[in-house]
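The next block holds one structure in the form of structure tokens; read it before the comments.
Residue numbers (the numbering used here): 89 to 406.
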């Protein structure tokens, strides 16, 4: 329900329950060993709003390259295979993985780190625990600093009122993940996370730990010294974001993603008619989010859970 549309003025007015119907794999709400299969039905649809996009592609959307790739046979309704709607099944799988990880003491949480040029507080390097993450997730608008969150919401509403949209940043973390999980080179923990994360539409950037800011530091400032604390090996800081050489270090896994502004906006935009091969203005119909960042928060938690559980099982520690 955190991902579902129509929950507030900050999202599309479309009303979808986003309630999964399990048709296999569950018996009395308990897994029975058969493959899990679930449906989420789209009920509040206006497919006709998208018909013009078959000829006039939206700026910032996949309409044109998809037309070339699939020779015009692509499903244009709702964005088809490129729609953010496809994150709904990700959240089903992720919710199951989150429960399995929680039984192992591993917890995942995310928050809106920025909207437009308004920043939330970043996750603290010390004191991260399951309760802290739960408190953020329980908020209607998932931020650490509620005052910053209020400003973000006003920025979203202002963009929507202007027929425009805004993007932002989401920060996600996983705590209590054991050290030594992952692989070097192409199958590294960060590689696997990146592959899954970029499967979420609108994600355009990713950094782990200190990320791009760390590239401006000297090694002496960016390195995280090792210490023994409470009988276990830790680091005094976490610029490496919990991953070194494709392997987990035992510190919290922390990353941030850049989410682009929603490309479907109410303002008139420049495009082309593919059939007439001429420039033409485009006025997009439909009901679209002025900012998809808040709804993408649980999607990041979901894909993180899927990847981490996969790697634990591969390591024989599931």
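Built from N, CA and C at the ideal position, the CB exists for glycine as well.
>> According to DSSP, is residue 231 part of a helix, a strand, or is it coil?
In response: As a position in the chain shown, residue 231 is number 143, starting the count at 1. When secondary structure is reduced to three states using DSSP, residue 231 falls in the coil class, being assigned neither helix nor strand.
> With a Cβ-Cβ cutoff of 8 Å, do residue 98 and residue 387 count as a contact?
Replying inline: In the chain shown, residue 98 corresponds to position 10, counting from 1. In the chain shown, residue 387 corresponds to position 299, counting from 1. In this structure, residue 387 does not lie closer than 8 Å to residue 98 by Cβ.
>> For residue 272, report the span of its beta strand (DSSP E) as first-last.
In response: As a first step, residue 272 must be located in the chain shown, where it is residue number 184. Neither: residue 272 is in no beta strand (DSSP E) and is coded neither H nor E.
> What distance in whole Å lies between the Cβ atoms of residue 145 and residue 359, which are believed to be in contact at a cut-off of 8 Å?
Replying inline: Numbered from 1 along the chain shown, position 271 holds the residue referred to as residue 359. Numbered from 1 along the chain shown, position 57 holds the residue referred to as residue 145. The C-beta separation of residue 359 from residue 145 comes to about 6 Å, placing the pair in contact by the 8 Å criterion.
> Which residues does DSSP pair with residue 171 in a beta bridge?
Replying inline: On the chain shown, residue 171 is found 83 positions in, with the first residue counted as 1. The beta-bridge partner set that DSSP reports for residue 171 is empty.
> In the DSSP assignment, what residue or residues form a beta bridge with residue 293?
Replying inline: Reading the chain shown from its first residue, position 205 is the one you call residue 293. Note: residue 293 sits in a beta bridge opposite 346.
>> Suppose only complete runs of 3+ residues qualify. What are the beta strand (DSSP E) ranges in the stretch 166-215, listed by chain order?
In response: Within the stretch 166-215, the runs of beta strand (DSSP E) that reach at least 3 residues and sit entirely inside it are, in chain order, 195-203.
> When you compare only the Cα positions, how much space is there between residue 108 and residue 165?
Replying inline: Looking up residue 108 in the chain shown gives position 20. Looking up residue 165 in the chain shown gives position 77. Distance between the alpha carbons of residue 108 and residue 165 is about 21 Å.
>> Once the 5 residues before and after residue 198 are set aside, which same chain residues still bring their CB inside 6 Å of it?
In response: To locate residue 198, count along the chain shown from 1; it is residue 110. Answer for residue 198: 258, 260, 385, 388 and 389, listed in chain order.
> residue 331 to residue 269, Cα distance in whole Å?
Replying inline: As a first step, residue 331 must be located in the chain shown, where it is residue number 243. As a first step, residue 269 must be located in the chain shown, where it is residue number 181. Rounded to whole angstroms, the separation of the alpha carbons of residue 269 and residue 331 is 9 Å.
> DSSP on residue 123, reduced to helix/strand/coil?
Replying inline: The residue you call residue 123 lines up with position 35 of the chain shown. Three-state result, residue 123: coil.
> Whose C-alpha, out of 368, 382 and 276, is nearest the C-alpha of residue 400?
Replying inline: Within the chain shown, residue 400 is the residue found at index 312, counting from 1. Looking at 368, 382 and 276, the one whose alpha-carbon comes closest to that of residue 400 is 276.
> Taking the C-alpha atoms as reference points, what is the distance between residue 200 and residue 288?
Replying inline: Reading the chain shown from its first residue, position 112 is the one you call residue 200. Reading the chain shown from its first residue, position 200 is the one you call residue 288. Roughly 16 Å between the two C-alpha positions.
> Taking the DSSP output, what are the residues bridged to residue 161?
Replying inline: By 1-based counting over the chain shown, the position of residue 161 is 73. Note: residue 161 is not bridge-paired with any residue in the DSSP secondary-structure output.
> When the Cα atoms are used, what is the spatial distance from residue 310 to residue 323?
Replying inline: Locating residue 310 in the chain shown gives position 222, counting from the first residue. Locating residue 323 in the chain shown gives position 235, counting from the first residue. Taking C-alpha positions only, residue 310 is separated from residue 323 by approximately 12 Å.
>> Relative to the C-alpha of residue 355, which candidate in 342, 370 and 364 has its C-alpha closest?
In response: For the purposes of this step, residue 355 is identified with residue 267 of the chain shown, where counting begins at 1. Nearest of 342, 370 and 364 to residue 355, Cα basis: 370.
> From the DSSP output, which residues share a beta bridge with residue 260?
Replying inline: In the chain shown, residue 260 corresponds to position 172, counting from 1. DSSP output for residue 260 lists 198 and 343 as bridge partner(s).
> Within 10 angstroms of its Cβ, does residue 278 collect 16 or more other Cβ (buried), or is it exposed?
Replying inline: Mapped onto the chain shown, residue 278 falls at position 190. A buried status is given to residue 278, since no fewer than 16 other beta-carbon atoms sit within 10 Å of its beta-carbon.
> When you compare only the Cα positions, how much space is there between residue 202 and residue 256?
Replying inline: On the chain shown, residue 202 is found 114 positions in, with the first residue counted as 1. On the chain shown, residue 256 is found 168 positions in, with the first residue counted as 1. Taking the straight line from one Cα to the other gives about 5 Å.
> Taking the alpha-carbon positions, what's the residue 398 to residue 314 distance?
Replying inline: Translated into the one-based positions of the chain shown, residue 398 becomes position 310. Translated into the one-based positions of the chain shown, residue 314 becomes position 226. Taking the straight line joining both Cα atoms gives about 28 Å.
> Where in the stretch 293-331 do unbroken runs of the alpha helix (DSSP H), each at least 4 residues long, occur, reported from the N-terminal end onward?
Replying inline: Segments of the alpha helix (DSSP H) lying fully in the stretch 293-331: 299-302 and 307-310.
> Distance, Cα to Cα, residue 151 vs residue 293?
Replying inline: As a first step, residue 151 is located in the chain shown; it is residue number 63 there, counting from the start. As a first step, residue 293 is located in the chain shown; it is residue number 205 there, counting from the start. Rounded to the nearest angstrom, the two C-alpha atoms are 21 Å apart.
>> Quick check: what's the CA-CA separation for residue 302 versus residue 250?
In response: Reading the chain shown from its first residue, position 214 is the one you call residue 302. Reading the chain shown from its first residue, position 162 is the one you call residue 250. If you take the alpha carbons of residue 302 and residue 250, they lie about 36 Å apart.
> Hey, how far is the Cα of residue 160 from the Cα of residue 154?
Replying inline: Taking the chain shown and counting its residues from 1, one reaches residue 160 at position 72. Taking the chain shown and counting its residues from 1, one reaches residue 154 at position 66. As the crow flies, the alpha-carbon of residue 160 is around 8 Å from that of residue 154.
> Smallest Cα separation from residue 325: which of 334, 319 and 308?
Replying inline: Working through the chain shown from its first residue, we reach residue 325 at position 237. Of the listed residues, the one whose Cα sits closest to residue 325 is 308.
>> With the cut-off set at 8 Å, would you say residue 206 and residue 236 are in Cβ contact?
In response: By 1-based counting over the chain shown, the position of residue 206 is 118. By 1-based counting over the chain shown, the position of residue 236 is 148. Cβ atoms of residue 206 and residue 236: closer than 8 Å.
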